[in-house]
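Below is one structure, written out as structure tokens, with a few remarks after it.
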DNA sequence: GCGACAG
DNA sequence: ATCTTGTCGC
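Residue numbers (this note's numbering): 12 to 233.
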């Protein structure tokens, strides 16, 4: 992997094989334990591909649980890695890291538009960013990448386990409101699955997507 | 060999 | 993710 200031840059891979190698290396650092303490601010992070072949990353910080906007941060860059299922973070992490670096208000937890440990190597976007930022993180994806799951009841708050090949629970398919497709929640880093689900539900208003992510997504598209 | 496949 | 308007349904 590339080096910067003599230290490895854990988001830069020159090939898919190298990216997988980095994921295997960093996956051990993921803490699946619950955090203690109150959340005062939550962040929502999303990246949008613009028509001009650029990536526009947005991180929005909201108060918790009142969900009032505190800060929005934007960063636009050229993609350094293509989109490859399972390697999303190598494309989206660089601009997102720049956004977090610019934040004036540091959140106690962050929501990401992608998977956490519900990933082939237990190291999706939310886990990758959580580890690099040493921040409690939660994956909240709009569709499934890995794992088997049943369809949760069509009632707000209903959920079903996401299981890996060995039958271990790696996430939850969560119905955030009636008559909408469920979202795929998994812990990213320094949170338990129960906390992840609770935080997502606490951030849901009248829409399918939790407010921090919905706002970041809306701002990223313009 | 044949599907599946975050954004 | 992107190409794309109006329209049906809760």
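Every residue, glycine too, gets a C-beta built ideally from N, C-alpha and C.
Practice problem: Report yes if the C-beta distance between residue 38 and residue 138 is below 9 angstroms; otherwise report no. | Solution: Contact flag set, yes.
Quiz item: Nearest CA to the CA of residue 211: which residue from 152, 104 and 98?
Solution: The closest CA to that of residue 211, considering only 152, 104 and 98, is found on 152.
Self-check item: Which listed residue (225, 101 and 215) has its alpha carbon closest to that of residue 168
Solution: Answer by Cα proximity: 215.
Exercise. Determine, using beta-carbon pairs with one atom in the region 109–120 and one in the region 158–176, whether at least three such pairs fall under 8 angstroms.
Key: Below 8 angstroms, too few C-beta pairs join the region 109–120 and the region 158–176 to call them touching: fewer than three.
Self-check item: Length of the line joining the Cα atoms of residue 33 and residue 21
Solution: Each residue's Cα considered, the two are about 7 angstroms apart.
Exercise. Can you give me the Cβ contacts of residue 90 inside the same chain, cut-off strictly under 6 angstroms, excluding the 5 residues immediately before and after it?
Key: The residues are 66 and 102.
Self-check item: Start and end residues, alpha helix (DSSP H) containing residue 33
Solution: If you look at residue 33, you'll find it in the alpha helix (DSSP H) that goes 27–37.
Exercise. Measure the alpha-carbon distance for residue 47 versus residue 126 and round it to whole angstroms.
Key: When rounded, the separation of the alpha-carbon atoms in residue 47 and residue 126 is 23 angstroms.
Exercise. Taking only the alpha-carbon atoms, compute the straight-line gap between residue 111 and residue 228 and give it to the nearest angstrom.
Key: Spanning the two alpha carbons is a distance of roughly 16 angstroms.
Quiz prompt | Alpha-carbon spacing of residue 204 relative to residue 182, whole angstroms | solution = For the pair residue 204 and residue 182, the Cα-to-Cα distance works out to about 7 angstroms.
Exercise. Using the Cα positions of residue 147 and residue 160, report the straight-line distance between them to the nearest angstrom.
Key: In this structure, the CA atom of residue 147 is about 25 angstroms from the CA atom of residue 160.
Self-check item: Residues of its chain near residue 124, where Cβ-Cβ distance is below 6 angstroms and the 5 sequence neighbours each way are ignored
Solution: Cβ within range, chain order: 57 and 224.
Exercise. Enumerate, from N- to C-terminal direction, the unbroken beta strand (DSSP E) stretches of 3 or more residues contained entirely within the region 107–182.
Key: If we require 3 residues or more, the beta strand (DSSP E) runs fully inside the region 107–182 come out as 120–123, 148–152 and 170–174.
Quiz item: Which term fits residue 18, buried or exposed, when burial requires 16 or more other beta carbons within 10 angstroms of its beta carbon?
Solution: Around the Cβ of residue 18, a 10 Å sphere holds fewer than 16 other Cβ atoms; the residue is exposed.
Self-check item: Straight-line gap, residue 192 to residue 88 (C-alpha atoms, nearest Å)
Solution: In a straight line, the C-alpha of residue 192 is about 31 angstroms away from that of residue 88.
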